[in-house]
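If you use mature numbering (1 follows the signal peptide of the UniProt record, and there is no 0), the sequence shown corresponds to residues -21 to -1, 1 to 574, in order. The beta carbon of each residue, even a glycine, is placed where N, CA and C say it ideally should be. These numbers come from a predicted model, not from an experiment.
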Amino acid sequence: MHQRVRLVLPFALSGLLGACAAPMASGGASGPVEVGIVGINDFHGSLEPPRQAVNVSDGKGGITPVPAGGAAWLASAIDSIRAKHPQSMTVSAGDMISASQLASSLYLDEPTIGVMNRIGVDFNAVGNHEFDRGQQELQRMQNGGCEKFTAKVPCALEKFTGATFKYLAASTKRADGSTLFPATGLKTFGSGNQAVTVGVIGLTLKGTPNLVNPTGIQGLTFADEADTINAAVPQLKAQGADAIVVLIHEGGRTKGDPNPQGCNDFAGDIRPILDRLDSRVDVIVSGHTHWAYVCDYAQLNPAKPFLLTSAGVYGELVTDITLQIDPVAGRVVSKRAENVIVQSVPYTSTRGPLGNTPLFPQFQPRADIAAYVAKYVEASKAYTQRLIGKIDRAAPKNEGAEGGAGGPLGNLIADAQLGATRDKGAQIAFMNPFGIRAPLVPAADGTLTFGDIYLCQPFGNNVVTESMTGAQIKAVLEEGLDDNGPKQTLAPSAGFVFRYDPARPSGNRIVTITLDGKPLDMAKTYRVTVNGFLGLGGDGFSGFVGKPDTVTGPTDIDALESWIKAVPVRAVPQEVRAGMVKEVEKVVKNNRNQS
């Protein structure tokens, strides 16, 4: 039996698209009705386990990393949550597709839509990455078909029928004022005097035009988030909504020990939006920052008693939200949420083997999803054998104590991203060492395949170029060396050299910075390229967030492929661009002795 789902066009007074019989609501004749909401965000086509961990405090001053993610494991976790709620809906707060794993990206994310259809998602808000291949291709994701809008060929493995769930885009408007997708949706549970209706508003961040290729969103505008939500709330209430849920592709971050259930020192671009919202909103499922949290927003602003959630990234967590709704008063009387870690399979990280932990449930892969994903993974293998060029030597990935430094491989990637964005005015590029997943090990003749470089950079992040002052660049380098979290020394592009002293106070460890042999001018503005993960503050580099004149470039892997194939044999850079003062002095001295 399925609950009734309605899609509502902007400010329409009706819009019932389909209905079927629904099970009786829980609760007694006069009691509240319980509705479960399963929330995800920023899945990014992570069909296979992403080989990443959810970090949680062990309660003893340490951190427990939990291997998590993978579509088949996510499906099992969602099924386990639904089993607790006789009546539920499943929602996503954007970036379901793009910046995806190879098995999804090669096939235009059609398998990700197929996975989410099988999981049973009801609504997905558009995120900025939904626009990466343009609005026509995004419409194809919804409606299906094999019309070609990109360089890749659609329907390569099977006919694509489109999403069975509904995209929502309340703030994305065409020139005539209509929205690209419906602004809102309704889902009704139960019948008679026990029937309750949940109204859903879905939208992306206003800054989406700064994050995507302008040609892909030509003719579209992105309205103010708070104004859009506040205009939709009374419309949903007029149509009988007893609860209001917002799916917004914008978010924030917490501070302190990692805690997917916490809200410590919550801050971010979503806060001023929330502080302006109609207080009749009950739940905000957020995303974009790839950060997990559960917030009772009334603790931050008593006038805004929202429940605010985010499930991190890549399907590593899923949010279990419980609403108790009074069908007579037509309002939510209680709400709570918990982020569930989708513990999946062990893997080897930069710090060594990472096994499962008994502290959290370990999910088993759902068989139908696993088989469906396996078909695309197997098909993608032929593509991975494509030759892309040669390098003059192996480029090892730093491990263990050196895992926080990019070394020659990090420098090579930074050079590639700089080369790919020179036309955007780029002068400097940085690579985060923790984003390097595997070494580049060529064949005996130096040849690399696409599979080799994909293992190195499997995330498909677009690179972004933005404007930063010398002082801001210094500050972001300091973030990687401060005492908050693991140390990570950004790998710079050719010509950029910096030295640091870990013995100096946190926040003041950079000793010198030069660009092309001259000291970096702290007052001058430079054009800086990083991957999109860093651009959103990933790995704790908040200094890259929100910088002006941001332009999106190619994916990081496309940049690396183009850089390697541009010359007959690409030399792996060996000079020390980023290093500790004493260690560099030692290297220089040794080189002199050997010469």
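Exercise. Exposed or buried, which one is aspartate 371 when buried takes at least 16 other CB atoms within 10 Å?
Worked result: By the Cβ-count criterion, aspartate 371 is exposed, with fewer than 16 other Cβ atoms from all chains shown falling within 10 Å of its own Cβ.
For this session: Flag this pair as yes or no: are the beta carbons of valine 319 and valine 292 separated by less than 8 Å?
Result: In this structure, valine 319 lies away from valine 292, with their beta-carbon atoms at least 8 Å apart.
For this session: Could you name the residues of the same chain whose beta carbon sits closer than 8 Å to that of glycine 7, not counting the 5 residues immediately before and after it, in chain order?
Result: Bear in mind that a pLDDT of 46 at glycine 7, under 50, signals an unreliable position, so the number given afterwards is only what the model happens to contain. Only residues of its own chain outside the window of five on either side were considered, and among them none has a CB closer than 8 Å to the CB of glycine 7.
For this session: State buried or exposed for residue 581, treating a residue as buried only when at least 16 other CB atoms are found within 10 Å of its CB.
Result: Outside the shown range of the chain (-21 to 574) lies residue 581, about which nothing can therefore be said.
Exercise. Which whole runs of the alpha helix (DSSP H) in the segment 370 to 455 are 4 residues long or more, in chain order?
Worked result: 386 to 399, 429 to 435, all fully within the segment 370 to 455.
Exercise. Can you list, in chain order, the residues of its chain whose CB lies under 6 Å from that of glycine 449, leaving out five sequence neighbours each side?
Worked result: Exclusion of the five residues before and after glycine 449 leaves Leu499, Asp500, Met501, Lys503 as the residues of its chain whose Cβ lies within less than 6 Å of its Cβ.
Exercise. Are threonine 327 and valine 45 close, meaning C-beta to C-beta below 8 Å?
Worked result: Not a contact, by the Cβ cut-off of 8 Å.
Problem set entry | Straight-line Cα distance separating proline 193 from threonine 187 | Straight-line spacing of the CA atoms in threonine 187 and proline 193 works out to 10 Å.
For this session: Measure the C-alpha to C-alpha separation of alanine 142 and glycine 99 and round it to an integer number of angstroms.
Result: In this model, alanine 142 and glycine 99 are separated by some 10 Å (Cα to Cα).
Exercise. Going by Cα to Cα distance, which pick from Leu279, Ile249, Leu256, Ala277 is closest to residue 582?
Worked result: No information on residue 582 is available, as it lies outside the stretch -21 to 574 that the chain covers here.
Exercise. Is DSSP giving histidine 108 helix, strand or coil here?
Worked result: DSSP places histidine 108 within a helical segment (H, G or I) once states are collapsed to three.
Exercise. Per DSSP, what kind of secondary structure is leucine 117 in: helix, strand or coil?
Worked result: It is helical.
Exercise. For valine 14 versus proline 239, is the C-beta spacing smaller than 8 Å?
Worked result: No, the Cβ-Cβ distance between valine 14 and proline 239 is not below 8 Å.
Exercise. Going straight from the alpha carbon of isoleucine 57 to that of isoleucine 300, what length do you get?
Worked result: In this structure, the alpha-carbon of isoleucine 57 lies about 12 Å from that of isoleucine 300.
Exercise. So, are the CB atoms of alanine 104 and leucine 215 less than 8 Å apart?
Worked result: No, Cβ-Cβ distance for alanine 104 and leucine 215 is not below 8 Å.
For this session: Return the bridge partner residues of proline 46 from the DSSP annotation.
Result: Its beta-bridge partners are Ala32.
For this session: Pick helix, strand or coil for tyrosine 272, following the three-state DSSP scheme.
Result: It is a strand residue.
Exercise. Roughly how many whole angstroms lie between the Cα atoms of glycine 430 and valine 356?
Worked result: Distance between the alpha carbons of glycine 430 and valine 356: 12 Å.
For this session: Identify every residue that forms a DSSP beta bridge with serine 341.
Result: The sequence shown places glutamine at residue 341, rather than the serine named in the question. Per DSSP, Gln322.
Exercise. Out of curiosity, what's the CA-to-CA distance linking arginine 153 and leucine 147?
Worked result: Rounded to the nearest whole angstrom, the CA to CA distance from arginine 153 to leucine 147 is 14 Å.
Problem set entry | Extent of the continuous alpha helix (DSSP H) to which lysine 354 belongs | Element bounds for lysine 354: 346 to 363.
For this session: Compute the beta-carbon to beta-carbon distance between leucine 253 and isoleucine 263, rounded to the nearest angstrom, for a pair I have assumed lies under 8 Å.
Result: Leucine 253 to isoleucine 263, Cβ: 7 Å. Contact.
For this session: Whole angstroms is fine: what's the gap from leucine 243's alpha carbon to glycine 48's?
Result: Residue 243 is actually asparagine in this sequence, not leucine. About 24 Å.
Exercise. Are the segment 219 to 227 and the segment 164 to 182 in contact at 8 Å, needing three or more beta carbon pairs?
Worked result: Cβ pair count under 8 Å is three or more, so yes.
Problem set entry | N-terminal and C-terminal residue of the alpha helix (DSSP H) that valine 94 is part of | First-last of the alpha helix (DSSP H) with valine 94: 89 to 98.
Problem set entry | Three-state class that DSSP yields for glycine 516 in the structure shown | Correct three-state label for glycine 516: coil.
Problem set entry | Segments of 3+ residues assigned as beta strand (DSSP E) that fall wholly inside the segment 167 to 199 | Here the runs fully enclosed are 175 to 183.
For this session: Pick helix, strand or coil for glutamine 240, following the three-state DSSP scheme.
Result: Secondary structure of glutamine 240 (DSSP, three-state): coil.
Problem set entry | Expected contact under 8 Å - CB spacing of leucine 384 and leucine 397 to nearest Å | The amino acid at residue 384 is misidentified as leucine; the sequence shows alanine. Contact check for alanine 384 and leucine 397: beta-carbon distance about 19 Å, past the 8 Å limit, so the pair fails to qualify.
Exercise. Where does isoleucine 300 sit, in a helix, a strand or coil, going by DSSP?
Worked result: DSSP places isoleucine 300 in strand when its eight states are reduced to three.
Exercise. What three-state label does DSSP hand leucine 256 in the structure shown?
Worked result: Three-state result, leucine 256: coil.
Exercise. With a CB to CB cut of under 7 Å and the five nearest residues on each side skipped, what residues in its chain are close to serine 5?
Worked result: With a pLDDT of 46 at serine 5, under the threshold of 50, the predicted position of this residue should be treated as unreliable, though the coordinate-derived value follows. For serine 5, same chain residues with a beta-carbon under 7 Å away, outside a window of 5 residues either side, are Val12, Glu13, Pro65, Gln66 in chain order.
Exercise. Between which two residues does the beta strand (DSSP E) containing serine 541 stretch?
Worked result: For serine 541, there is no enclosing beta strand (DSSP E); the enclosing alpha helix (DSSP H) has its first and last residue at 535 to 544.
For this session: Below 8 Å on the Cβ atoms is my guess for isoleucine 304 versus glutamine 436; work out the distance and round it to an integer in Å.
Result: About 46 Å separates the CB atoms of isoleucine 304 and glutamine 436; that is not less than 8 Å, and the two are not in contact.
Problem set entry | Contacting residues, own chain, Cβ-Cβ under 7 Å from serine 84 (five flanking each side not counted) | Result list for serine 84: Gly24, Gly439, in chain order.
Problem set entry | Cβ separation of threonine 363 and threonine 428, assumed to be a contact under 8 Å, to the nearest whole Å | 6 Å between Cβ atoms; contact.
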